[in-house]
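Novice:
Number of protein chains: 2
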Amino acid sequence: MGQNETEIPEATYEMLMSATYRALCEHGYDDLTMRDIAAEFDKSRPLIHYHYESKEDLLGAVFEWMVDRYEAVMLEEVDQDGSPREMLEAFIDVALEGPADPEFDHWAFFTALLEFRSRAHRNERIRRAVVESYTYTIDLIREILETGIEAGEFREVDVDATAHFLFLATDAIRIRYIINDAETALLQGRTALDELVLASLYSD
Amino acid sequence: MGQNETEIPEATYEMLMSATYRALCEHGYDDLTMRDIAAEFDKSRPLIHYHYESKEDLLGAVFEWMVDRYEAVMLEEVDQDGSPREMLEAFIDVALEGPADPEFDHWAFFTALLEFRSRAHRNERIRRAVVESYTYTIDLIREILETGIEAGEFREVDVDATAHFLFLATDAIRIRYIINDAETALLQGRTALDELVLASLYSD
Numbered sequence: 001m002g003q004n005e006t007e008i009p010e011a012t013y014e015m016l017m018s019a020t021y022r023a024l025c026e027h028g029y030d031d032l033t034m035r036d037i038a039a040e041f042d043k044s045r046p047l048i049h050y051h052y053e054s055k056e057d058l059l060g061a062v063f064e065w066m067v068d069r070y071e072a073v074m075l076e077e078v079d080q081d082g083s084p085r086e087m088l089e090a091f092i093d094v095a096l097e098g099p100a101d102p103e104f105d106h107w108a109f110f111t112a113l114l115e116f117r118s119r120a121h122r123n124e125r126i127r128r129a130v131v132e133s134y135t136y137t138i139d140l141i142r143e144i145l146e147t148g149i150e151a152g153e154f155r156e157v158d159v160d161a162t163a164h165f166l167f168l169a170t171d172a173i174r175i176r177y178i179i180n181d182a183e184t185a186l187l188q189g190r191t192a193l194d195e196l197v198l199a200s201l202y203s204d
Numbered sequence: 205m206g207q208n209e210t211e212i213p214e215a216t217y218e219m220l221m222s223a224t225y226r227a228l229c230e231h232g233y234d235d236l237t238m239r240d241i242a243a244e245f246d247k248s249r250p251l252i253h254y255h256y257e258s259k260e261d262l263l264g265a266v267f268e269w270m271v272d273r274y275e276a277v278m279l280e281e282v283d284q285d286g287s288p289r290e291m292l293e294a295f296i297d298v299a300l301e302g303p304a305d306p307e308f309d310h311w312a313f314f315t316a317l318l319e320f321r322s323r324a325h326r327n328e329r330i331r332r333a334v335v336e337s338y339t340y341t342i343d344l345i346r347e348i349l350e351t352g353i354e355a356g357e358f359r360e361v362d363v364d365a366t367a368h369f370l371f372l373a374t375d376a377i378r379i380r381y382i383i384n385d386a387e388t389a390l391l392q393g394r395t396a397l398d399e400l401v402l403a404s405l406y407s408d
């Protein structure tokens, strides 16, 4: 955390995070410079340096901001008054296709997330935010599974292992979409989830 | 491809790839310098520059070398005279725990792979090698599935979707191992694969 990071006013913080995120999506992690970020930011460049010592500090902060934003979007899509199956399928829909919110560019978000994640094992701040984002989504799936098992809609599976697996499987399908085969990745991913995973999870 | 890359003698190539790989595992993609690579390489630094114009060229080459090496190791472990189920389980074993070969450091390999993969959408040479490594493994799983369905050991699933899914799911479990929760990632991953995926794939 940068020296003066905690003192940043809320409105400046939002503006800076959003500018950094746009610059990151455009240039990619490797090529992003403080100059690129400043070009997206309406205020002065020294103001960035006052709050964030380095590009790494600022990127750590923007990643936490991204994760917070995604959690809110995800919760809004999934936490509805449906049955456990409907909620699980809503989770799969939003995980694979993104939320309905047109402001949220699902693939830009996950492409940036992929770049952060590959640095998690070498950057403690990023690692913590990655783990937090995992935990949040997995907890959400876990609750859906528990409700569904209690209601008799799902078989009695290992809830923790299944929640992790559903999260990881949808994540892996997204990674395939980003790297290759955009067209078929989502279609085949859904087919396999339906034929294999949901078929053995649903109790009838 | 570097200007003189194709002229590199085989022994020098092996030595340079192996030195670059060791340096990459130690320093990570972001921090790796040509100096770090030269420090692992017995021959002169100008020799590296003669064959590879930039660090990016050399890293592209080392990634292709890594992928070739992994394919050989994978094939040796899986292509045995077992039944389709035994071959599929051998694939899952080697994907999650690595090959028996003590020379091959499974987790160092996949940590490096993770760093390459996050650059695939911005680097065409890396993207091609990523896709090749996917394709190789998926073809191997596809053959096992086809044999198993023909032999009546597996249900009649969508072979292509299932092969991709099995590859992606094991890969996702490995990523979880690298980023977090080393202990439980493999255990829970196996539980979910057994309870959900294999349970609905096996025909009895």
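Residue numbers (our numbering), protein chains in the order written: chain A, 1 to 204; chain B, 205 to 408. Using N, Cα and C, we set each Cβ at its ideal position, and we do this for glycine too.
Within 8 Å (strictly less), CB to CB, does A:R122 reach chain B?
Specialist: Under the Cβ criterion of 8 Å, A:R122 is counted among the residues facing chain B.
Novice: So what does B:Y338 bridge to, in DSSP terms?
Specialist: BP columns for B:Y338 are empty, so no partner.
Novice: List the residues of chain A that B:N208 touches, going by C-beta distances under 9 Å, in chain order.
Specialist: Here the premise fails: no neighbours, minimum Cβ distance about 25 Å.
Novice: In the DSSP output, which residue or residues are listed as bridge partners for B:F358?
Specialist: B:Y406
Novice: Measure from the alpha carbon of B:R359 to the alpha carbon of each residue in B:S407, B:Q392, B:V401, then state which is nearest.
Specialist: B:S407
Novice: Could you have a look at A:Q80 and say whether DSSP puts it in helix, strand or coil?
Specialist: coil
Novice: Below 7 Å CB to CB, which residues in the same chain sit around A:P84 once its five sequence neighbours on both sides are set aside?
Specialist: I144, T147, G148, A151, E153, F154
Novice: Residues of the region 154-182 of chain A with a CB closer than 7 Å to any CB of chain B: list them in chain order, please.
Specialist: Of all residues in the region 154-182 of chain A, only V157, D158, D160, A161, T162, H164, F165, L168, A169, D171, A172, I173, R176, I178, I179, N180 place a beta-carbon less than 7 Å from a beta-carbon of chain B.
Novice: When you compare only the Cα positions, how much space is there between B:D364 and B:R346?
Specialist: Rounded to the nearest angstrom, the two C-alpha atoms are 7 Å apart.
Novice: Looking at the secondary structure, which residues open and close the alpha helix (DSSP H) in which B:I241 lies?
Specialist: 238-244
Novice: What does B:Q392 reach in chain A if we use C-beta pairs closer than 8 Å?
Specialist: D158, D160, A161, H164, F165
Novice: Quick one: what does DSSP say A:A163 is sitting in, helix, strand or coil?
Specialist: helix
Novice: Which same chain residues end up closer than 6 Å to B:Y340 when comparing Cβ atoms and leaving out the 5 residues on each side of it in sequence?
Specialist: The residues are E275.
Novice: If you measure between the beta carbons of A:R125 and A:G28, is that distance less than 8 Å?
Specialist: no
Novice: I want to know whether the region 169-178 of chain A touches the region 100-120 of chain A - three or more CB-CB distances under 8 Å.
Specialist: They touch, by the three-pair rule.
Novice: For the region 226-239 of chain B, enumerate the residues whose C-beta is nearer than 9 Å to any C-beta of chain A, in chain order.
Specialist: Taking 9 Å as the Cβ-Cβ cut-off against chain A, the residues of the region 226-239 of chain B that qualify are G232, Y233, D234, D235.
Novice: Where does the unbroken alpha helix (DSSP H) through B:Y256 begin, and where does it stop?
Specialist: B:Y256 -> no alpha helix (DSSP H), and no H or E assigned at all.
Novice: Indicate the three-state DSSP secondary structure (helix, strand or coil) for B:I377 in the structure shown.
Specialist: helix
Novice: Please work out which residues of its chain come closer than 6 Å, Cβ to Cβ, to B:L370, disregarding the five sequence neighbours upstream and downstream, and give them in chain order.
Specialist: I345
Novice: Chain A partners of B:L405, CB-CB under 7 Å?
Specialist: L196
Novice: Using the beta-carbon count (16 or more within 10 Å), is A:D171 buried or exposed?
Specialist: buried
Novice: Please list, in chain order, the chain B residues whose beta carbon lies closer than 9 Å to that of A:V67.
Specialist: Correct list: empty, because the minimum Cβ distance to chain B is about 14 Å.
Novice: Cβ of A:E115 less than 8 Å from any chain B Cβ?
Specialist: yes
Novice: Can you give the Cα-Cα distance for B:M221 and B:W269, rounded to whole angstroms?
Specialist: 7 Å
Novice: What is the rounded straight-line gap between the Cα of B:L300 and the Cα of B:M278?
Specialist: 12 Å
Novice: In angstroms with no decimal places, state the Cα-to-Cα distance between B:K247 and B:N327.
Specialist: Taking the CA atoms as reference points, B:K247 sits about 28 Å from B:N327.
Novice: Closer than 8 Å between beta carbons: that is the criterion. Which residues of the region 133-144 of chain A meet it against chain B?
Specialist: Y134
Novice: Roughly how many angstroms separate the alpha carbons of A:L198 and B:D398, rounded to a whole number?
Specialist: Cα to Cα, A:L198 sits roughly 14 Å from B:D398.
Novice: Do we get a CB-CB distance below 8 Å when we pair B:T315 with the residues of chain A?
Specialist: Under the Cβ distance rule, B:T315 counts among the residues neighbouring chain A, one pair being separated by less than 8 Å.
Novice: Please classify B:T210 as buried or exposed, where buried requires at least 16 neighbouring CB atoms within 10 angstroms.
Specialist: Counting C-beta atoms within 10 angstroms of its own C-beta, B:T210 has fewer than 16 neighbours from the protein chains shown and is therefore classed as exposed.
Novice: Check whether the Cβ atoms of A:L201 and B:T366 lie closer than 8 Å to each other.
Specialist: no
Novice: So, for B:S337: in the same chain, excluding its five sequence neighbours on each side, which residues have a beta-carbon less than 6 Å away from its beta-carbon?
Specialist: V271
Novice: Does the CB of B:V334 have a neighbour CB from chain A at under 8 Å?
Specialist: yes
Novice: When burial is assigned at 16 or more other CB atoms within 10 Å of the CB, is B:A396 buried or exposed?
Specialist: buried
Novice: Taking only the alpha-carbon atoms, compute the straight-line gap between A:C25 and A:G98 and give it to the nearest angstrom.
Specialist: 17 Å
Novice: Under the three-state reduction of DSSP, which class applies to A:S44: helix, strand or coil?
Specialist: coil
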